[in-house]
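Novice:
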Amino acid sequence: MNTTSTAVPTPGFADPPTEGQRVFRAILDALAHPGRSYRIAGPAQAPEALGTGLAAVALTLFDEEVSVWLHRTAAENPDVTSYLAFHTGARVATGHGSANFVLATPDTLPALDELALGTDDAPHQSATVVLDARTPGVGARFTATGPGIDGQAEIEAPWAPAGFLAAWTRNGALFPRGVDLLVASDDRVLALPRTTRLRAVSDQGQEA
13 MNTTSTAVPT PGFADPPTEG QRVFRAILDA LAHPGRSYRI AGPAQAPEAL
63 GTGLAAVALT LFDEEVSVWL HRTAAENPDV TSYLAFHTGA RVATGHGSAN
113 FVLATPDTLP ALDELALGTD DAPHQSATVV LDARTPGVGA RFTATGPGID
163 GQAEIEAPWA PAGFLAAWTR NGALFPRGVD LLVASDDRVL ALPRTTRLRA
213 VSDQGQEA
């Protein structure tokens with residue numbers, strides 16, 4: 013299937029140094045304070061399959077030295093692949109197991125333990141998942157604990173796919189290995205580092 017486009021990709025950041033720095037700071041703040049969302053601003057003309065939020069994250073974190081696995085809808089969209097190639101130079105990975113970044117929707121998220129998990133000596137060689145929060149999952153509420161959280165924090169997670177809590181618990185048990193998660197909507201980003209521990213909250217507000 014043809015995934016290339018002869019059209020000129022839509023514009024990226026109008027002021028790349030300034031806008032990219034702001035998004036990078038928001039991502040760092042999100043990683044430092046798991047479960048807390050931060051506002052980001054992306055290019056207004058980003059491909060619809062990316063949206064402004066995911067485009068902002070991609071333009072900030074992706075470059076010619078990284079590989080990116082795209083869920084099928086994005087991978088088969090020439091506007092997305094040409095946009096990422098033109099603005100970031102990132103390589104599109106054919107499989108998710110070795111990709112530095114994994115861009116997925118809740119219903120296309122691969123099994124976390126099938127992604128690049130790093131090693132005990134080089135945990136930084138693990139994958140970062142960038143989840144498109146514009147598409148809802150089955151939804152959940154969690155209490156989160158861990159570094160960067162004062163006591164515990166409650167997280168509303170409409171983006172959570174089925175089986176996410178069990179998968180995240182297994183991911184945390186791999187520390188210092190394991191993946192990190194960025195959840196992006198059109199204008200906000202939330203992060204869950206591998207050090208964050210989650211517990212389910214029932215509809216009655218009690219931990220399950």
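One point on numbering: in our numbering, the residue at position 192 of the sequence shown is 204, and numbering is uninterrupted. Think of the CB as a built atom: it goes at the ideal place given N, C-alpha and C, for glycine as much as any other residue. Keep in mind that this is a model prediction, so the values were computed, not measured.
Touching or not, the stretch 109-127 and the stretch 40-50, by the rule of three or more beta carbon pairs under 8 Å?
Specialist: no
Novice: Can you tell me whether L40 is helix, strand or coil according to DSSP?
Specialist: Mapped onto the sequence shown, residue 40 falls at position 28. Reduced to three states, the DSSP call for L40 is helix.
Novice: Please report the residue range of the beta strand (DSSP E) in which T140 lies.
Specialist: As a first step, residue 140 is located in the sequence shown; it is residue number 128 there, counting from the start. T140 -> beta strand (DSSP E) spans 140-144.
Novice: What do you get for F187, buried or exposed, if any count of 16 or more other CB atoms within 10 angstroms of its CB means buried?
Specialist: Indexing the sequence shown from 1 puts residue 187 at position 175. Classification for F187: exposed.
Novice: Just tell me which of S197, G175, A145, A152 has its CA closest to the CA of E166.
Specialist: Walking along the sequence shown from the start, residue 166 turns up at place 154. Nearest of S197, G175, A145, A152 to E166, Cα basis: A152.
Novice: Taking 7 Å as the line, does the beta carbon of N89 fall inside it for any heavy atom of the ligand ZN?
Specialist: Absence of the ligand ZN is noted for the structure shown, with no ligands found whatsoever.
Novice: When we look at the beta-carbon of L43 and count the other beta-carbons within 10 Å, is it buried (16 or more) or exposed?
Specialist: One-based indexing of the sequence shown puts residue 43 at position 31. The residue is buried, with at least 16 neighbouring Cβ atoms inside 10 Å.
Novice: Check for me: the alpha helix (DSSP H) holding A87 runs from which residue to which?
Specialist: The residue you call residue 87 lines up with position 75 of the sequence shown. Per DSSP, A87 belongs to the alpha helix (DSSP H) from 84-87.
Novice: If you reduce the DSSP assignment to three classes, tell me which class D91 lands in.
Specialist: Stepping through the sequence shown from its first residue, residue 91 is reached at position 79. Note: D91 maps to helix in three-state DSSP.
Novice: Compute the beta-carbon to beta-carbon distance between L143 and L194, rounded to the nearest angstrom, for a pair I have assumed lies under 8 Å.
Specialist: On the sequence shown, residue 143 is found 131 positions in, with the first residue counted as 1. On the sequence shown, residue 194 is found 182 positions in, with the first residue counted as 1. So it is a contact: roughly 7 Å between Cβ atoms.
Novice: Out of V141, H136, G32, G109, which has the shortest C-alpha to C-alpha gap to L202?
Specialist: Within the sequence shown, numbered from 1, the residue matching residue 202 stands at position 190. L202 has its Cα closest to that of V141, out of V141, H136, G32, G109.
Novice: Do the CB positions of G190 and G184 come within less than 8 Å of each other?
Specialist: The count along the sequence shown starts at 1 and reaches residue 190 at position 178. The count along the sequence shown starts at 1 and reaches residue 184 at position 172. Their beta carbons are under 8 Å apart, which means G190 touches G184 by this criterion.
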